[in-house]
Structures are given as C-alpha cells and as structure tokens.
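Since the structure comes first, as structure tokens, the remarks are kept for the end.
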Amino acid sequence: MKASMSEKHRTKALDEVSSFLFVVPYLVFFIAFALIPLVLCLTLAFCQWDGANEIEWIGLQNFKLLFGALGTGQIAKEFWEAILHTLLFVAIETPLLIILPFAVALLIHKCKRAGNFFMGAFYFPSILSVATVCIIWYFMFDTNAGILNNLFGQNIPWLTQQPYAWISLFILSSWWGIGGNMVLYLAGLSNVPKDCLEAAALDGAGPWRSLISITIPCMRHTMIYVLMMTTLSSFNVFGQPEILTAGGPDSSTTVAMMEIYNTAFGGSKFGRACAMSLLLAIIMVAFTITSYRLQTKGDEL
Amino acid sequence: MMKKIVSMILSAALLAPCIAFSACNNGPVDPNQEEEGEITLRFWNGFTGMDGDLMDRIVSDFNEEYAGEIRIVTDKMDWDTLFTKLTTTKSNLNTAPHIVAMSNQRLAGVVDQELLLPIDDLPDYLGVSESDYIAAAWNAGVIDGTRYSFPLDVHPTAMFYNKDLISEEELPETWEEFVEVCVAKTDLDAGVYGFAVPSMYSITKDIFASILLQNGGSILDDENKAVYNSQEGIDALQFLTDLVYTQKVSPENVGAGGDYTLFMADRSVFYFDGPWLLNTFGLIENWDTSKIGVAPMPGATGENGVSFSGSHQLTLMKNTVTSERVKEACYTFIQYLQVNSIEWAYAGQVPAYLPTLESEEYLAIDALQPFTETALKARLGETDYKYFYEGYNYMGVAVSNAISGKYTAKEALDNAVRSFSNWVIDNEY
Amino acid sequence: MKTLHAARSSGALRLRRRTVNAVVIYCALAIVFVIFFLPMLWGLSTSFKVEEDVFLTITQFFPRRWTIQNYVDVFANPYTPILQWFFNSVKISVTYVVLYLLITSLAAFGFSRLRFRGREILFWICMSSMMVPGVINMIPNYFIIFHLGLIDNMFAMVLPGLSGVFGVFMLRQFMLGVPKEYDDAARIDGAGKLRIYYSIVLPLCLPALVTLALFSFQGNWNDYMWPLMVTNRPETRTLAAGLSTFIERYSHQYGKLMAGAIVSALPVLAVFLLGQKYFIRGISVGGIKG
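Protein chains in written order, with the numbering used here: chain A, 1 to 301; chain B, 302 to 730; chain C, 731 to 1020.
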C-alpha cells in the first residue's frame, strides 16, 4: 500500500518533469535574451549609467526626476506629454485596428471568387518596412505638391498642423496594420463552425444577428489575441511619428518610445531610459490587464 | 558607503560575464600588440551615402600603398547606430574601432564619456599648424585646451537655384536682394514660389543660425547659456516668418521635405542644402549642362560674410589605440587623408586642408567653389559645450513653431531658451 | 400549380437577394481596394519613372517615360551587394522561422495542455517580457551577443528573436481551442505526450502555425535596427539592414528607393502567397470546433 503510494508519487513527479521539458527549450532562450535584459532594466532604473563607464546606484532619483520632484520639471513635463501622446495613439489606433480588419476579413470571407486576390492586396502594405511606408505616405500627404491634396483640390496641412498630423498618422498606421490583423481574423473566421451558422440561418437569424451571437463568440480567442497584440504594438509606436512627422508640429506627436530612445541613445542616459520604460511598462500592464479582464468578463456573461 | 558597495556589485555583475566570456573566447592575441608585422586598424564612419564610396576608394588606395605595414578595415553604419555602438565599445575591444569620423556637433558629448584619446601631438607629427586649415574646423577639435579630433572637412549650406527660373546675373548676394528676387519671381497663378521655407525641423534652422550670426548674434554665450532669443535672433526668425506670411514668397505648411519636392518640380526658384547634394544632382560632372546651379548663401561671403556650418572630424579611441606603434599607424592614415584630401572633395565635401583648396585640380571643380567661399567664412557654433547639440535642437523647434504660425518669433525663441536651460539643469541629475 | 409558382418565385427572390449581396460585397471590397491601392500604385510607378520625372509628374500615376534603370542601378552597384543581402536574409529568416515554430509550439503545448507545478506563474513571467520595449533589450542583448563571439555571425540575428513570447501566446490561445477529448482518446490508445503533440495537436494547429510562420518570417525579414547593431561588415548584413543604409544613400532619389523597397518586399509577398495555399488547406483539414 505504502509502496504503491510512493510509486504513484514518483510517476506523478516524472510526469511533471517530462511535461516541464516541453517548455525548457523556449525557457533557455527566454532567460538569455528576455529575462536577463528585463532584470537589467529593472536594476538600471535605479542607477545612472552612460553605457561606457561605471554604473552608479542612485536610488529613486530617476523616478523623482520623472515625477518632477527634482529639478525644474522640464524633463518630467516632456516625458508625461509623450506618455499622453502614446495613450492618445493607443486609444484611437487600437479600436481602428480591431474593427477595420474585422470588417475587411468578413467581406473577404463572404467573397467566394476573388477572395485570395483581395487578401493578397490588403496584406501587401504590412510587409513593407516602416521607412518605406512613411516615404510613400509622405508624398500622399505633402501639403503643396502631395497627391491627396491635388486629387481632391484641397489645401489641408496634413503633416504640419494639428489635428491633421494625428489624422495622418492614424491613416498611415491603419493602412499599414490592417493586413496583419485581417489574416488573423480570417484564420479565426474559418474556424467558425459552418453547421452553427446554417442552423442559425434556418432559424431565421439575419446576418447581423448571426454575426453577433455566433461568429463573434466563436472567435473569442482570436479576438483576445488581436486585442492584446494590437494594444502592445500601439504602445510601442515609434517609427511612424519618428519618420513621418519627426514628433512635430511642436512636439505634439512625440511619443514615449521616442523619448526613451533619445534618452538612451541620444543622451546616453541608460538608467533614466530604463526608469522611463518601467513607467511605460506599468501603464501598459495596467491597460492590458484591464482590457483582458473586461474581455473575459464579457465572455462569461 | 552603501551606495558605493551597491555600485561596485552592479558593475561587477555586469562585467563578470564579460570577463568570463572573454577568457574562454580569447582567440588570437591582438596582433597590434606585437612589435612587428602588419597593423590592422578599424575605421568607423557614417558615410553611408555616395560619399562613402569615395572614402572606401581612398582607404583601398591606402591599403595598397601600405601593404604589409598597415591595413584599414572600414565599418560603415548610419550615424545613430555608430554612436549607439560607440558607447558600448569600452568592454569589447575585439571589434572596437581605432579611428572614428564624427560630426563636430557630437564630439563634446563623446569626450564627456571619456572615450577619446587626446591627440595634442598630431599637428607636430603632420607638420601643420592652424594657418594650414580652415580656422573654425581646426579649433573645433580642441575642448578645454586639449585636442581630441582633427578636421577632415567643412560642409556649409549653400543656395541651389533652378536655371530655368532665374539667370546667373539675377542671383542675390544679400538677404534684401533675396527678398526682392523672390517677390519678383513668385507667380501664384503658375504655382511658382521664390523659396519654399520648410516649416519642420530641417535645414531652416541652419539658415536661421546663419542669419543670426550675420546679424551679430550667437547661439550660446561665453557661459554656454542659450542666447538665440536675443533681438538679433528675433529679427532673423521674423525675417524667415515674413517670407511666408508677409511677402508670401513661400507657401504655408511646407513641412520637412516639401521644399525639395517643390524645387524639383520647378515650382520653387531656390533651395538650400549642403554639398552632399552635388552628387545627387550630378553637378560635379554636369556643371554646365544641369538645370540646377549653386551659389553661396546670401550674406555668407564677402568682407563681413559669415554662416553656420558643420564639420567632419577624425578621432582616435582611447581603449584601442594603446601603444605608440598603433598610434603612429593611425597618424599615418590621417596624414594620408590630408595629403589626398582632393579625393574627398569629389565626394561633395569641402576639405578643411587649405593647400588642397588652393590646388589647381580643386579649383577646377566648379560646383564646389560656392561652398568653398562659404566654408572659409563659416562658423561652427559653440560645439565645445557638451549640450550644444541639444540646445541646437531646441532652437530648431522654435524656428519651426514660428514658421508654422503657432507662436510669434519672440514667444517661440523665449520658450525654447527656457526649456533648454531647464532641461540642462534636469539632465545633470 | 400555384404552389409551384410560389416556390419558383421565392427561389428567384433568394437568388436575386444573393446576387445583390454579392454585388454589395464586391463593391465594398473594390472601394476599400482602391483606397488601399493608391499609395501602392504610386510607389510602384515611381520605381519605373526616370529620376527627374519623379517630381515633375508627382501626381501622375503612370510614368511619362518608363525605365528599369532604377532596378538596374539597385542591383549593379558594387557597394550595395543586394544579392548577397538577399541570400543572407533568406538563410537567416528560414533558420529563424523553423527554430521558432519548433520551440514555441513545444512551449505552447506545455503551457496549454500539460500540467506541472508553477505553470501559470512561469507563463505570466514570460508574458511580462512583452512589456519591455525592444529598445531597452537592445543594449543588454548586444553585450550578450558580443560576448558569445557572434558579431557578424548569422546566429546573432537568429537567437535573440527566439525569446519572443508572441508565438507562445498565440499558439497557446489556439491550442486552448482544440478540444481535450482528442488527447484523451489518443491517451487511451496509449499515445505519449510527444506523440499527442506531433500527431494530434500540431496538425490541428496548422493554420495557426502557418500564420505564425508568416508573421515571424515577416518580422525577422523586416527588422533592420538589430542586424545593423550586430554586423559590422556590409557583406554580412540582411536585406532590410542593407536597405536602411540604402535609404541614406539615395535619400533624395525616390525612384531607386522605391525600387529597393519593392525588391525587398517581393520575397515576403511570395512567402505569403505560397503560405496562403497551405493556410486554406490547413483550414479545411483542421476540423476545429470553436
């Protein structure tokens, strides 16, 4: 009796170990190239380091500076403005990149013949590098010689005045980002069981009704994935405002990542840059967890 | 005390794997440490444009001439990557550079990181003195009485013009004439402007800085305080703003590259930029046949002429250039660059070495002469201050804010000066 | 007779409604497509324009004078070994995608279907790394790669990317949707974990794997900041990193820039179109009930 108990324990332990082995290859790379940098970032946030010389422990000084408790508050002001700009981008771009690709994916999914053609066409922008995308759109948006203004006979200062600069960034980012999410949605849509939809149709449910009560619930996992990925990548927005508007006009499109990048590499203040990333990360975590909670709660109901 | 211990532990923690790895990863001993044999020097630069092709050619000529003694290996990357990597070179000597080319505006920041080797004895080695070089470029290498860099070239801003829209005789030499010509040439019905003033951070801030200097102002004062909000600065910015809103020789909202677009579309008479564009336009070969010409910026030449400019400088790294023999090899290369600087002129740069500028071969390159005249009178700003680059960028925001009509010239400049001085206080923490 | 007539007319009605629906869908797609296509067409046509025409005919979508000179220049310049970059990129991206799919699918299988102590905590620790901006990882990773002696080595551009948690998360999400009953049935038949992994879960995840392959290929192919950091010699660079030096080189020559951009985008498009087939096949094979 006792022997078989320990035998049971041993097989269970063995089972756990063999289960654990599945995640080991990934964990090796995770520790080497993600966890160590993460720990380093956490530590450096309390240090001063110029990347070349000795690392100096300075406690909470970086955070005090970023909260305006030290100095004149200029750096704090610039940092929190940049955070606000990032939040604005996230608040508008994330819904756009969730709804628009879904609509396009639905249309393509319904489309029997040229579906593949449209899929390829809509996906194409997202394989271009951010620099290429920005150069192309630069010529679209140019106020005096640009294509959009010429086509529609307008004189809109797309890139040089607000709110047009933000609108330009949203247009560009949506154009660039629709393809990626659309592909994910299409994968999800194809997994929606056909018999459910047919049964609903027989019961007299219209397309709108079956979309709400069958398609969307069936795509829960895809939607959560798209939501989280889009939120995270929107928080990391960097290339578009850097290249298209250079953070202007009047620093109004300077986002958090630009501040962090310039602090680290322009100003060689790696400690402060890590503190900035940490604050940005906290905001991101709070935001993501909240939206994840809301999503799963909605599912349970 | 506590702080110090933590700092030491942290440094040790970061350095320990480095030492451990380098111990098992030592490989061959640095050949440069031997007493004899070929020396390999790594040369980092950001000449990724067409100028880089010419620098590569100079280097390969050098390698041929010094085969068996010195070999230069060039690593090219864009400037941002170069400075990012440079900060981390202290612990990785295997791939660290010996010679680095950099802009004079970034020099003081790198000096502050204690990465550079003082090279006070280089002028004696080369047998040259200040009178052999464009003075501004020569002096830019000296920071707090120590020489850290040696000038390669000067790259001032000049005025490109469209020959289809203006003849050589009509070219302006002062800003007053410039305004007159622009007003006369602006034809709103045809969509042609005198000069499209770019309203985002770009060449406009160099033009502003030049007018500021011409008015008798300066960017920083003797104590490195920003003073571009002086009356001279306000006048300079007002002048540029008036081009857009009063004389209306420029469209509004030109943006960052709209000036180039309008110029290339035959819709703007003038366009300002540096000499690197000569190769883009093919002007060095096709000077007579091109529809584009180039002339000095108004007010930059003549007796009281002055303008703002930048300069590429050569520096040696403290951590890799550790023996006299290696240092001498570096000096040999710098000497070669100086003697052959005519080759560098073809890359679309004005060599800082005066005998080259006076050589017949150089004088025969017509396209460079307007830049040369400007370069001789150029000033580089107070770049021995480690925050000059940042101060200059704050100034750029002010210029752009005034030209896009968001603030008046005075408000914009005052804001920039206040923000910059506050930022400097904060950044010291 | 009457009923027959009614049936026919209702059939016709349904047919008509279906046609109307199709027309609406195609119209909507066409409109979105035109909006999408405008900038792409501009980029494509610019790459075939003579350099001085680019600005003179900026608002004309079709070149006045056609030329392939831009493409010739892009390939012929000895200082931009674009073919070498292309082969480097193929080698690196393919290696990366294969390794990444293998490692992440194993991990996702572990995190979604197997039980071991600390599973949830471990998973959320991994997820937390997503919050650290890549810029911050760059410096420590640069140190690590340097001290592994991998500068100018292709694995410098493969290994750090393997730590990306995106794939684990995505595949885990997908595997959670695969019913557990399949595993139980297999287990009763005596199949081990590894067997369940490759003969049941992997085939069912094919659409997700293809999608992930596409995304990771695209990400690795388009990354330019990191390859620039870990390569010093131009001949060891990837296409995207090489092209980013290209952007400075031809900073005002948009014809050549666009030619370079299109050349670099085509392989990804090819992979997408190839993958698309599998994608659709994978969908019809995988009988996943949501």
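The beta-carbon is built from N, C-alpha and C at its ideal position, and this holds for glycine as well.
{"query": "Which residues DSSP lists as bridging Arg372(B), in chain order", "result": "Thr341(B)"}
{"query": "Leu924(C) classed as buried or exposed, judged by whether at least 16 other C-beta atoms fall within 10 angstroms", "result": "exposed"}
{"query": "Helix, strand or coil at Tyr830(C) [DSSP, three-state]", "result": "helix"}
{"query": "Any chain B beta carbon closer than 9 Å to Gln61(A)", "result": "yes"}
{"query": "Cross-chain neighbours of Trp137(A) in chain C, by beta carbon under 7 Å", "result": "Pro769"}
{"query": "Exposure of Trp345(B), with buried meaning 16 or more beta-carbon neighbours within 10 Å", "result": "buried"}
{"query": "Given Phe609(B) as reference, the closest of Arg343(B), Thr475(B), Lys386(B), Phe509(B) once Cα atoms are compared", "result": "Phe509(B)"}
{"query": "Proximity to Leu669(B) [Cα-Cα], best of Tyr686(B), Tyr654(B), Ala648(B), Tyr688(B)", "result": "Ala648(B)"}
{"query": "Exposed unless 16 or more other CB atoms sit within 10 angstroms - verdict on Cys757(C)", "result": "exposed"}
{"query": "Three-state class that DSSP yields for Ile400(B) in the structure shown", "result": "strand"}
{"query": "Start and end residues, alpha helix (DSSP H) containing Val455(B)", "result": "Val455(B) -> not in any alpha helix (DSSP H); beta strand (DSSP E) instead, spanning 450–457."}
{"query": "Three-way DSSP call (helix, strand, coil) for Asp488(B) in this model", "result": "strand"}
{"query": "Buried versus exposed call for Ile747(C) [16 or more other C-beta atoms within 10 Å across all chains shown]", "result": "Per the sequence presented here, residue 747(C) reads as Arg, with Ile not at that position. Arg747(C) comes out exposed."}
{"query": "Length of the line joining the Cα atoms of Asn952(C) and Thr966(C)", "result": "16 Å"}
{"query": "At least three beta-carbon pairs within less than 8 Å, the region 274–284 of chain A to the region 77–91 of chain A", "result": "yes"}
{"query": "CB contact below 9 Å: Thr94(A) versus chain B", "result": "no"}
{"query": "Thr389(B) - DSSP class collapsed to helix/strand/coil", "result": "coil"}
{"query": "Thr616(B) - containing beta strand (DSSP E), residue span", "result": "608–617"}
{"query": "Gln414(B) beta carbon less than 9 Å from that of Ala302(A)", "result": "No information on residue 302(A) is available, as it lies outside the stretch 1 to 301 that chain A covers here."}
{"query": "Sheet register partners of Ile444(B) (DSSP bridge)", "result": "Thr447(B)"}
{"query": "Residue-level contact to chain B via CB, Ser974(C), 9 Å cutoff", "result": "yes"}
{"query": "Residue span of the alpha helix (DSSP H) that contains Ser168(A), given as start and end", "result": "164–189"}
{"query": "Distance CB(Leu617(B))-CB(Ile444(B)) smaller than 9 Å", "result": "no"}
{"query": "Coarse secondary structure for Ser323(B), derived from DSSP in three states", "result": "Bear in mind that a pLDDT of 44 at Ser323(B), under 50, signals an unreliable position, so the number given afterwards is only what the model happens to contain. Three-state DSSP puts Ser323(B) in a helix."}
{"query": "heavy atom of the ligand HEM below 8 Å from Thr968(C) C-beta", "result": "With respect to the ligand HEM, the structure offers nothing, as it holds no ligand at all."}
{"query": "Backbone CA spacing between Leu27(A) and Met770(C) [nearest angstrom]", "result": "41 Å"}
{"query": "Neighbouring residues, chain B, relative to Glu978(C) (Cβ below 7 Å)", "result": "Thr349, Gly350, Asp379"}
{"query": "Reduced DSSP category for Phe54(A) - H, G, I as helix; E, B as strand; rest coil", "result": "Residue 54(A) is actually Glu in this sequence, not Phe. If DSSP states are grouped into helix, strand and coil, Glu54(A) belongs with coil."}
{"query": "Below-9 Å beta-carbon distance, Phe885(C) vs any chain A residue", "result": "no"}
{"query": "Terminal residues of the alpha helix (DSSP H) in which Val898(C) lies", "result": "896–906"}
{"query": "Chain-ordered chain A contacts of Ser404(B) [CB-CB under 7 Å]", "result": "The premise fails here: Ser404(B) is roughly 13 Å from chain A at the closest Cβ pair, so nothing lies under 7 Å."}
{"query": "Cross-strand partners of Val651(B) (DSSP beta bridge)", "result": "Val455(B)"}
{"query": "Leu880(C) beta carbon less than 9 Å from that of Val960(C)", "result": "yes"}
{"query": "Separation of Phe763(C) from Trp439(B), as counted between CA atoms", "result": "58 Å"}
{"query": "Proximity of Ala858(C) and Asn950(C) at Cβ, strictly below 9 Å", "result": "It should be noted that the sequence gives Ser, not Ala, for residue 858(C). Not closer than 9 Å, so no."}
{"query": "Cβ neighbour criterion (16 or more within 10 Å) applied to Pro101(A)", "result": "buried"}
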